[in-house]
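Notes to accompany the following structure.
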Amino acid sequence: MSYINWKNAHAKTLTEAFWLVKEHGKTKRNLSVARIAELMGLEDESLLYKWMKNGSMPVHKLHSFEYVCGANFISVYLASSDSKLLINMPTGKSLKEVSVMKMQGTFNHAMSLLIKFATGEATTEETTAALTCSMNDLAFHRENVQKSAMPEFDFGVNNE
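If you use the numbering used here, the sequence shown corresponds to residues 250 to 409, in order.
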C-alpha cells in the first residue's frame with residue numbers, strides 16, 4: 250500500500266471516494282471496517298462492504314460514515330461533480346506566517362503544473378488536484394479574513 254498525502258487526496262470516482270474515507274478511518278483512527286460498521290450502528294460489516302462496492306450508501310448513513318472515519322471525501326466528490334467547491338469553515342483565528350508560506354507553496358506548485366499542462370508535460374488529474382487545493386486554500390483564507398473581527402471558539406474539532 251502506498252502512502253496517501255491526505256491534504257492533497259481527491260477522489261476521481263464515487264467508489265474511490267468511499268475507499269478514501271475508509272482508508273482514512275483505518276490509517277488515522279485505527280478503525281477496522283467491522284469497527285466502522287459498529288460505530289455507524291450497523292449489525293455487521295457486510296452491508297458496509299456492499300455499499301462501498303456499489304457506491305450506493307443511503308444518504309442518512311453517509312454523514313455518520315464520514316464522521317466516524319474523520320474524512321469527507323464523498324461529500325466533496327458529490328459537490329465537485331456538480332461543479333461546486335467546498336471549503337472548511339474558518340474560525341477567524343489570526344494568520345500565521347507558516348500558513349501563508351504553505352499557501353504560497355501550494356499556489357506556486359499549481360501554477361507550475363498549469364504551465365506544464367499547457368506544454369503537455371503534466372496530466373489532467375494532477376493539474377486539477379493542485380488547482381483545487383490552491384483554490385481551497387485561497388477561499389479558506391478569504392473567509393478567515395472576513396471572520397477575523399469576530400473569531401469563533403475552537404472546541405477541539407480540528408485537533409488531528
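No residue lacks a Cβ here, since even glycine has one placed at the ideal position from N, Cα and C.
Computed from a prediction, not measured in an experiment: that's the story for all the values here.
Contact belief for residue i with residue j at Cβ below 8 Å, rounded distance in angstroms
i: methionine 289; j: lysine 310; result: 6 Å
i: leucine 297; j: valine 282; result: 6 Å
i: alanine 320; j: histidine 273; result: 4 Å
i: methionine 399; j: leucine 334; result: That belief does not hold up - the Cβ atoms of methionine 399 and leucine 334 are roughly 24 Å apart, past 8 Å.
i: aspartate 331; j: threonine 355; result: The pair is not a contact, with the Cβ atoms about 24 Å apart (cut-off 8 Å).
i: serine 329; j: glutamate 315; result: Actually they are not in contact, since the Cβ atoms of serine 329 and glutamate 315 sit about 15 Å apart, beyond 8 Å.
Per-residue DSSP class, three states only, for residue i
i: methionine 393; result: Just to set this straight, residue 393 is asparagine in the shown sequence, not methionine. Residue state, collapsed to three classes: helix.
i: aspartate 331; result: coil
i: asparagine 254; result: coil
i: serine 383; result: helix
i: lysine 345; result: coil
i: isoleucine 336; result: coil
i: glutamate 409; result: With a pLDDT of 47 at glutamate 409, under the threshold of 50, the modelled position of that residue is not reliable, and the figure given next carries that caveat. Here glutamate 409 sits in coil by DSSP.
i: lysine 271; result: helix
i: serine 370; result: At residue 370 the sequence reads glutamate, which differs from the serine that was named. Note: glutamate 370 maps to coil in three-state DSSP.
i: leucine 291; result: coil
i: methionine 360; result: helix
i: methionine 352; result: helix
i: alanine 260; result: coil
Own chain residues within Cβ distance below 7 Å of residue i, not counting five before or after
i: asparagine 257; result: Ala378 and Cys382
i: glycine 304; result: Leu263, Thr264 and Phe267
Own chain residues within Cβ distance below 6 Å of residue i, not counting five before or after
i: alanine 260; result: Ala266, Leu269, Phe322 and Tyr326
i: tryptophan 300; result: Met306
i: tyrosine 252; result: none
i: serine 313; result: Met289
i: methionine 352; result: Asp386
Boundaries of the alpha helix (DSSP H) in which residue i is found, first to last residue
i: leucine 309; result: It is worth fixing the name first, because residue 309 is histidine in this sequence and not leucine. From DSSP, the alpha helix (DSSP H) with histidine 309 extends over 308 to 318.
i: tyrosine 298; result: 294 to 303
i: leucine 280; result: Premise fails: leucine 280 is in no alpha helix (DSSP H) and is neither H nor E.
Cβ shell of residue i (< 8 Å), same chain only, five flanking positions each side left out
i: leucine 362; result: Ala371, Glu375, Thr376, Ala379 and Leu380
i: phenylalanine 366; result: Thr372, Thr373 and Thr376
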